[in-house]
Structures are given as C-alpha cells and as structure tokens.
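One point on numbering: in this note's numbering, the residue at position 296 of the sequence shown is 301, and numbering is uninterrupted.
Note that the Cβ used here is the ideal one computed from N, Cα and C, for glycine as well.
Written out below as structure tokens is the structure these notes cover.
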Amino acid sequence: MSAIISFVDFATRIPDVRRGACSVWGTKFGLALACLIAPAPGFAGLPPNDQNPMPTYAQKNPQERAAIARGAYIARAADCTACHGEDYAGGVPFVLPMGTVYSTNITQSVSYGIGGYNLQQFANAMRKGKTPYRHLYPAMPYPAYSAMSDQDISDLFAYMQTIDAVDSNPLAKTDMKFPFNIRALMIGYNLINMPNWQFSPQLSDSQKRGKYLVDNLGHCGDCHTPRNATMGYDMSKYLAGAYIQGIKAPNITTDVATGIGSWRKQDIVTFLKTGVLQHQAIAGDEMGKAVYHSLQYLTDSDLMAMADYLKTVPPVKSGSVVAPLDVSRLPKPASADMTYNLLKQIDVLKAAQARVKPNTGEAIYLTNCASCHGVAGEGQVEAKYPAITGLAILREHEPERLFNVLYRGAKSPLNSMPKMPAYADKLSDEQIAQVANYVRTQFGGLPASNLTGADAKKLANRQPAVPFLIANAGWLMVLGMVLGVLLLAWLLWRLLHRRKPTVQQVTQTKVVH
Numbered sequence: 006m007s008a009i010i011s012f013v014d015f016a017t018r019i020p021d022v023r024r025g026a027c028s029v030w031g032t033k034f035g036l037a038l039a040c041l042i043a044p045a046p047g048f049a050g051l052p053p054n055d056q057n058p059m060p061t062y063a064q065k066n067p068q069e070r071a072a073i074a075r076g077a078y079i080a081r082a083a084d085c086t087a088c089h090g091e092d093y094a095g096g097v098p099f100v101l102p103m104g105t106v107y108s109t110n111i112t113q114s115v116s117y118g119i120g121g122y123n124l125q126q127f128a129n130a131m132r133k134g135k136t137p138y139r140h141l142y143p144a145m146p147y148p149a150y151s152a153m154s155d156q157d158i159s160d161l162f163a164y165m166q167t168i169d170a171v172d173s174n175p176l177a178k179t180d181m182k183f184p185f186n187i188r189a190l191m192i193g194y195n196l197i198n199m200p201n202w203q204f205s206p207q208l209s210d211s212q213k214r215g216k217y218l219v220d221n222l223g224h225c226g227d228c229h230t231p232r233n234a235t236m237g238y239d240m241s242k243y244l245a246g247a248y249i250q251g252i253k254a255p256n257i258t259t260d261v262a263t264g265i266g267s268w269r270k271q272d273i274v275t276f277l278k279t280g281v282l283q284h285q286a287i288a289g290d291e292m293g294k295a296v297y298h299s300l301q302y303l304t305d306s307d308l309m310a311m312a313d314y315l316k317t318v319p320p321v322k323s324g325s326v327v328a329p330l331d332v333s334r335l336p337k338p339a340s341a342d343m344t345y346n347l348l349k350q351i352d353v354l355k356a357a358q359a360r361v362k363p364n365t366g367e368a369i370y371l372t373n374c375a376s377c378h379g380v381a382g383e384g385q386v387e388a389k390y391p392a393i394t395g396l397a398i399l400r401e402h403e404p405e406r407l408f409n410v411l412y413r414g415a416k417s418p419l420n421s422m423p424k425m426p427a428y429a430d431k432l433s434d435e436q437i438a439q440v441a442n443y444v445r446t447q448f449g450g451l452p453a454s455n456l457t458g459a460d461a462k463k464l465a466n467r468q469p470a471v472p473f474l475i476a477n478a479g480w481l482m483v484l485g486m487v488l489g490v491l492l493l494a495w496l497l498w499r500l501l502h503r504r505k506p507t508v509q510q511v512t513q514t515k516v517v518h
C-alpha cells in the first residue's frame, strides 16, 4: 500500500478502480476549512442527458482507456476520496463554526450523484462551484480547481464516469447557520475571493508543474494558507500555516525558523511519499489523510516537482519558532538489535520503569508511551510505530501541535500504521505538561522545558479568532435588512410628499397667476 502507484499502474488497474479499490485524499489537502465552510455538498441529482446506457470499460477504445487512466491519477492528485469517501458516496462530516457540512454523492447515480452531468456542467462545478441548479460552498475547493487544465478536467470526467453508482444520499444533510444556509451568497463570495492563478515566467517547467500540483490539483493552500476577513485566501501569508478543523497546519514556506526552509528537496519528497521524515515530522490527521489518499500515489517526478516549487516560495515568518536540531543531544537506542526483538524491548522497558522516580515526566512516558515509541524514542520499525527523536513539534517554542497530539491523538499517514491515542481523559493537564517537558528535553534535544498544566491546556485549545464578518454575519444581515426597509420607506415617503403640494403652495400659485 505504501508503494507509489505509477501512471501505468492506474492504466492496468482501472477495472478495480471502478469499484473503489484504488479509492483509498484529504484537506486539505482539506479538505478542509477550505474557505467559507468545508467540503461542500457538491454535485447531485440531475436528470440524465442521454438515456442510452454508458459503454462499459471493456467496450471503450484505447484512447478512452488512456483518458480514464489519466483521470484516475488526477483524482488521486486532487484528493477526491478524502472528502467524498472511498466509494465517492459522500457523507463525510466537517464541523465548523458556521454549521456542519457533509460531502455529497459524486458517483454515477443519476438520482443522487452526478450521473446526469455532461462535461461542461462537470467543469462548471469543478472550476466555478456552480452546478446546474445551485451554488457550492467554497470548501469544495473550486477556488483552487479553477485553474485546472481542460485536459485534466476532461480526463477526470472520463474517470468519474466509470465509478459505480451508489443510489442513495448520505444519511446526514448539511446544516448551516443563518445566513450561511443561503447558497446565493456564494455569488458575492466568488466575486470577491476567486484567486487569479498565474505562473511566473522565471519558473522552470518542473517548478510550473509543481506549482500546479501545489496550488490547484493538490490545493495545499486550503489547509496551509490562512483566511482573510471574507474567508478567501490571505495571499500575504501564502502557505504560512493555518487552522483546519481545530488543528494547526504548519508553515511550509522557505522560512528557516518557522517553516521548512531547512528541508532539502529530497526531504520534502520523502515526507510527501511516506508521511515520515526522520528527525523532522510525522504526518497526522489531515496531512495523514493527504498522504494516505493522494500523495503516496503520485509519481516521483511529480513529487520532486512539488518540492522544486516549494523551495521557490518566499519565506514568511509565521507560527512558532523551531529550535535548531542538536543531534548530539539525542539519545541512542539501548542496542542495535532491540528494534526487532520484542522480548528485549520488554526487558529494557521493565528495567527503565524499575529505576525511574514515580510521578515524573519520565515515569509517565514509560507507562503510557514507551511501549510503542521505545524507551529511547526509537520507535518500532516492525510494528510501524514511528521514532519521535528530533521531531520539530518537540522543538517548537510554543509546542501547540505537540499538545494537540497528546490531548486528541492523531491518525497515522497510512492505515497500516497504528493510531496515536488521545490522553485528554487519561492524564491530567499537569501530567501532560510533565510528559511534554520530558520528551522535549530527552528526545527533542532542548536544554530545558518548563511548561505547566495551564500552558498545556491553553496551547491545546488555541484557535484563531473567527473574522468579525463571519462571527456576526447573522445579525449583520438582519440589521442590513432592517436598514434597507427603513431606507425604502424613507424614499417612498419623500416621493409621495413631492407629488402632493400643500394647500399653501396651491394658494401661492393661484395668487401669482
């Protein structure tokens, strides 16, 4: 599953693709708090344009099969399954301050999916967020998809036509608060916030391809670029980190102190492909979904193109400063062969627990964490428990992401890897702070860490302020309506009084004559 599926692989596996066997993205690349809301209910139920049955995959000619194979790859790069499910039937919830959005059925069901769409209608939905009968919420990342090429749209449409129909709607329906339940508001949103994607002539062909994958197909900015007052992209902080469903997506600009400026191109490729980069990062939650559903399947050349482009992104200092890694301060594994020897691991853990002082950060770590991550943080390769030594989240000045993981847990980038459990209900704030201090100094290489329980709780629950216009949209709209009615009444009053002269005015007119 962790192997990269090449373009040729897609071409040979299309019969399985039709049944979702290859439909294993995310928001994020979000998915995500993509714009105003979350992956919006997309395309559904339109009367069929053609009553003739669709040719089966086996009946298609070589050119059509090639288009389907390319479309399958586009679906991977665009991370469709992360939001719409492995069978594309929708129902994935996204809880936001404005309400809850459920992704929709985009299978070939005529009644519930997109089985009745023609190519132009499909393109309008992808690029403009407009179906034949309604507007989509911008968390269906059409602002990013707006620059998709005609060829990619056509190929993706060809692939989507091979998806088996699921003739049902998701059980839950999108429930947005007023006024966000008025989809016509998206007309104004689009006028204000649709980005103008352009390629710089200074970019190489590889970098242009990488920009297309980062900005458009992969829509990395949906998670990593913060929002402005109207929930469009804040391009002054392009890729400088943002919040996605309560989780902080990190800065991925070339800033060394707060971004990934110290990463080599191959480091970026390795992380995108596997979700793990030694002494740096482990993809979890939304980024984990992106790796699992999308990035691990991209070709090496496309991943390198993304890395090539990301190294050109201007640095933006945003987020917590990460201390430089001091490898000399990292612990050594107890022995070279222990990683593959379960009995030896148990013996080493028991010996460490016997010598440790109770109620310390080390004791809490050994009791709750070491059975997976190892006494020395070396992890367990054979069981796919990752090493945590040197990770950037341990070296952050304000370790918000570390506390997010400790309190809430995290899903791994690949389903074959175990899930990190949550400790909010198992450990107190003070205990979580103690274990954080221990791993930051012991495995992060920091000389000291003095976080308190209050720090832990505050950082774990930190959320960005909701823009004023969004937080107060309901009463602002009501106020606007009231003011509009009053203005209209005043204009009518003025009009009526201009048409009816007073008795005095009539008398004066007669005297003059």
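- Membership of Gly104 in the beta strand (DSSP E) is indicated by the continuous run 104-107.
- Between Ala388 and the set Ala83, Ala494, Lys424, the nearest pair of CA atoms involves Lys424.
- In the DSSP assignment, Leu101 falls within the unbroken beta strand (DSSP E) covering 98-101.
- Nearest neighbour of Ser417 by Cα position, chosen from Ala295, Val321, Glu405, Val219, turns out to be Ala295.
- The beta carbon of Ala461 sits closer than 7 Å to the beta carbons of Phe408, Asp434, Ile437, Ala438, Ala441 from its chain, once the five residues preceding and following it are set aside; these are given in chain order.
- When DSSP states are grouped into helix, strand and coil, His140 belongs to the strand group.
- Nearest neighbour of Glu383 by Cα position, chosen from Met199, Gly458, Ala392, Ile249, turns out to be Ala392.
- Restricting attention to alpha helix (DSSP H) runs no shorter than 4 residues, the segment 182-251 encloses them at 190-198, 210-216, 226-229, ordered along the chain.
- Here the alpha carbons of Met240 and Asn256 stand approximately 13 Å from one another.
- Residue environment: Asp331 is assigned as exposed (fewer than 16 neighbouring CB atoms within 10 Å of its CB, all protein chains considered).
- Excluding five sequence positions before and after Gly237, the CB atoms of its chain that fall closer than 6 Å to its own CB belong to Asn198, given in chain order.
- Apart from sequence neighbours up to five positions away, the residues of its chain that approach Lys253 with a beta-carbon distance below 6 Å are Glu405, Arg406, ordered along the chain.
- Leu161 counts as buried, since no fewer than 16 other beta carbons sit within 10 angstroms of its beta carbon.
- Spanning the alpha carbons of Arg214 and Ala77 requires a straight line of approximately 18 Å.
- Taking the CA atoms as reference points, Leu474 sits about 34 Å from Ser299.
- The beta carbon of Ala234 lies closer than 6 Å to those of Pro472, Leu474 in the same chain, with the five residues before and after it left out.
- Between the alpha carbons of Gly449 and Leu396 lies a gap of roughly 6 Å.
- Judged by their CB atoms, Thr167 and Ile73 are nearer to each other than the 8 Å cut-off.
- Under the three-state reduction of DSSP output, Ile393 falls in the coil class, being neither helix nor strand.
- DSSP places Lys278 within a helical segment (H, G or I) once states are collapsed to three.
- The residues His140, in chain order, have a CB closer than 8 Å to that of Ile192 in the same chain once the five nearest residues on each side in sequence are set aside.
- Out of Val326, Gln447, Ser114, the CA that lies nearest to the CA of Glu403 is found in Val326.
- With contacts defined by Cβ atoms closer than 8 Å, Ala170 and Gly246 do not form a contacting pair.
- Closest by C-alpha distance to His89, out of Asn174, Ile249, Leu419, is Asn174.
- For Leu432, the closest alpha carbon among the candidates Leu419, Tyr412, Tyr443, Leu451 is that of Tyr412.
- The beta-carbon distance between Asp220 and Pro146, rounded to whole angstroms, is 11 Å. This is too long to meet the 8 Å contact definition.
- About 4 Å separates the CB atoms of Ala381 and Pro336; that is less than 8 Å, so the two are in contact.
- Assignment of Ile287 by DSSP, reduced to helix, strand and coil, places it in the strand class.
- Judged by DSSP secondary structure, Ala470 falls outside any alpha helix (DSSP H); it is assigned neither H nor E.
- The C-beta of Gln207 has fewer than 16 other C-beta atoms within 10 Å across all chains shown, which makes the residue exposed.
- Cβ contact annotation for Asn373 (same chain, cutoff 8 Å, sequence separation greater than five): Tyr428, Lys431, Leu432, Val440, in chain order.
- With 16 or more other Cβ atoms inside 10 Å of its own Cβ, Asn110 counts as buried.
- Put simply, of Gln203, Gly95, Trp202, Gln212 the residue whose alpha carbon is nearest the alpha carbon of Ala177 is Gly95.
- Of Tyr443, Phe127, Gly118, the smallest CA-CA separation from Thr365 is found for Tyr443.
- Note: Gln385 is bridge-paired with Tyr390 in the DSSP secondary-structure output.
- The DSSP-derived three-state label of Met425 is strand.
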